[in-house]
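Just below is one structure, and these are the notes that go with it.
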Amino acid sequence: MTLRSRSLSLNAFRHEALNEVGSTNTECLARARAGEAGLLWLTATRQTDGRGRRGRAWTSEPGNLYASLLLIDPAPPERLASLPLAVAVAVHAALRAVLPTGGEPLEVKWPNDILIGRKKTCGILIESEALPGGHRALVIGIGINIRHMPDSAPYGVTRLHDQGSSASPEDVFAHLFREMATVLEEWDKGRGITTVVDRWRRVACGIGEKITVNLPERSLNGTFAGIDDTGFLLLDTGHGSLMPIAAGDVFFARTE
Ligand code: BTN
95 MTLRSRSLSL
105 NAFRHEALNE
115 VGSTNTECLA
125 RARAGEAGLL
135 WLTATRQTDG
145 RGRRGRAWTS
155 EPGNLYASLL
165 LIDPAPPERL
175 ASLPLAVAVA
185 VHAALRAVLP
195 TGGEPLEVKW
205 PNDILIGRKK
215 TCGILIESEA
225 LPGGHRALVI
235 GIGINIRHMP
245 DSAPYGVTRL
255 HDQGSSASPE
265 DVFAHLFREM
275 ATVLEEWDKG
285 RGITTVVDRW
295 RRVACGIGEK
305 ITVNLPERSL
315 NGTFAGIDDT
325 GFLLLDTGHG
335 SLMPIAAGDV
345 FFARTE
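Here it is in structure tokens:
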């Protein structure tokens with residue numbers, strides 16, 4: 095089943111829990127090539143070849159959540175740019191549900207890093223591949239630090255157990271499963287971007303702060319002025335207009 099209809103009920107999604115796999119993202123893409131129809135979650139207790147952004151490895155010992163959602167033909171290509179924001183909103187809501195109140199702030203860093211007390215607690219890797227017949231597979235891979243976190247990282251990191259949560263990977267996944275279904279229905283193949291952008295802005299961190307945005311070929315400095323109605327980051331470089339940025343890595347001057 096694909097995202098053909100407006101109504102995406104919870105029971106439209108399936109879930110297969112794996113013990114050990116190379117990478118849940120890689121497995122989803124392999125299933126897509128083999129004809130899998132989508133709306134399929136794969137989770138794994140352990141990944142032996144977990145993958146992060148920019149070709150980095152994602153260490154995947156038991157105790158954290160490793161989950162990937164396969165979608166087939168999720169939206170027309172021109173509407174896909176807002177999907178990372180929708181994913182961030184869903185993961186944020188799932189983590190909100192398992193964290194105690196009164197802890198460090200749980201926030202989203204553009205476009206879809208989930209931070210607790212400005213420390214990274216989750217990685218999201220969205221991959222897509224063309225399939226025969228003009229179809230497209232898209233995989234949303236999510237790794238959440240629950241009991242473990244990297245020993246060394248170029249940014250601050252944390253895990254749910256250091257933030258007062260005793261949730262298991264299964265507990266976190268149950269919330270993620272529900273929140274993702276809700277947000278994808280709101281997103282409505284990209285037609286519901288306004289709702290998603292509104293929700294994203296309510297949980298964003300760093301608006302009004304000095305940031306550096308690393309692009310593939312250069313870095314830009316300025317003030318994070320927010321996001322526009324299509325989800326682009328707006329950078330105030332002090333030259334009188336706001337620069338819209340579609341993709342890049344954001345660093346806050348204060349903490350990184
Ligand atoms: C990042 O570098 O921040 C993204 C990390 C994404 C890790 C998740 S874990 C589940 C899924 N399977 C993978 O191999 N990667 C993603």
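Residue numbers (my numbering): 95 to 350.
Each residue gets a CB set at the ideal place from its N, CA and C atoms; glycine is no exception.
Computed from a predicted structure; not experimentally measured.
Residue i and residue j closer than 8 Å at C-beta
{"i": "Tyr160", "j": "Ala182", "result": "no"}
{"i": "Gly320", "j": "Arg295", "result": "yes"}
{"i": "Leu189", "j": "Ile208", "result": "yes"}
{"i": "Gly332", "j": "Gly316", "result": "yes"}
{"i": "Val290", "j": "Leu179", "result": "yes"}
{"i": "Ser222", "j": "Gly325", "result": "no"}
{"i": "Leu123", "j": "Leu165", "result": "no"}
{"i": "Arg140", "j": "Glu155", "result": "yes"}
{"i": "Val202", "j": "His269", "result": "no"}
{"i": "Ser162", "j": "Asn119", "result": "yes"}
{"i": "Lys375", "j": "Val251", "result": "What the structure shows of the chain is the stretch from 95 to 350, and residue 375 is not part of that stretch, so it cannot be assessed."}
{"i": "Pro263", "j": "Ile240", "result": "yes"}
Any non-hydrogen atom of ligand 1 closer than 7 Å to residue i Cβ
{"i": "Ala161", "result": "yes"}
{"i": "Ile218", "result": "yes"}
{"i": "Trp204", "result": "no"}
{"i": "Arg147", "result": "yes"}
{"i": "Trp281", "result": "no"}
{"i": "Trp135", "result": "no"}
{"i": "Gln141", "result": "yes"}
{"i": "Arg190", "result": "no"}
{"i": "Arg150", "result": "yes"}
{"i": "Thr118", "result": "yes"}
{"i": "Gly332", "result": "no"}
{"i": "Ile339", "result": "no"}
{"i": "Gly157", "result": "no"}
{"i": "Gly235", "result": "yes"}
{"i": "Gly144", "result": "yes"}
Reference residue i, options the options, closest by Cα
{"i": "Pro310", "options": "Arg148, Gln141, Thr142 and Gly129", "result": "Arg148"}
{"i": "Ser260", "options": "Tyr249, Arg272, Glu303 and Gly157", "result": "Gly157"}
{"i": "Ser103", "options": "Val202, Pro170, Glu273 and Lys213", "result": "Glu273"}
{"i": "Gly197", "options": "Gly211, Leu112, Ala131 and Thr252", "result": "Gly211"}
{"i": "His423", "options": "Gly227, Arg108 and Thr215", "result": "This structure leaves residue 423 out entirely; the chain is present only between 95 and 350."}
{"i": "Asp282", "options": "Ile305, Leu174, Gly129 and Ser117", "result": "Leu174"}
{"i": "Met288", "options": "Asp343, Asn119 and Asp322", "result": "Before going further, note that residue 288 is Thr rather than Met in the sequence given. Closest option to Thr288, Cα to Cα, is Asp322."}
{"i": "Gly228", "options": "Pro170, Arg108 and Gly235", "result": "Pro170"}
{"i": "Pro194", "options": "Leu329, Asp256 and Ala341", "result": "Asp256"}
{"i": "Thr153", "options": "Thr306, Gly258, Gly237 and Pro248", "result": "Gly237"}
{"i": "Ala106", "options": "His186, Gly129, Ala275 and Gly300", "result": "Ala275"}
{"i": "Glu280", "options": "Met337, Ala184 and Val344", "result": "Ala184"}
{"i": "Ser246", "options": "Gly116, Ala151 and Glu114", "result": "Ala151"}
{"i": "Gly302", "options": "Phe318, Ser313 and Asn308", "result": "Phe318"}
DSSP-derived helix/strand/coil call for residue i
{"i": "Pro316", "result": "Correcting the residue type first, residue 316 is Gly in the shown sequence and not Pro. DSSP places Gly316 in strand when its eight states are reduced to three."}
{"i": "Phe107", "result": "coil"}
{"i": "Glu350", "result": "Reliability of the predicted coordinates at Glu350 is poor, the pLDDT of 48 falling under 50, and the value obtained from them is presented with this limitation in mind. Reduced to three states, the DSSP call for Glu350 is coil."}
{"i": "Arg253", "result": "coil"}
{"i": "Glu221", "result": "strand"}
{"i": "Met95", "result": "Bear in mind that a pLDDT of 41 at Met95, under 50, signals an unreliable position, so the number given afterwards is only what the model happens to contain. Met95 falls in the coil class under three-state DSSP."}
{"i": "Thr289", "result": "helix"}
{"i": "Phe267", "result": "helix"}
{"i": "Gly129", "result": "coil"}
{"i": "Asp143", "result": "coil"}
{"i": "Arg230", "result": "strand"}
{"i": "Asn119", "result": "helix"}
{"i": "Ala188", "result": "helix"}
{"i": "Ser176", "result": "helix"}
Residue i at chain B interface by Cβ criterion, 8 Å
{"i": "Ile321", "result": "Protein chain content of the structure displayed is limited to a single chain, and chain B is not contained in it."}
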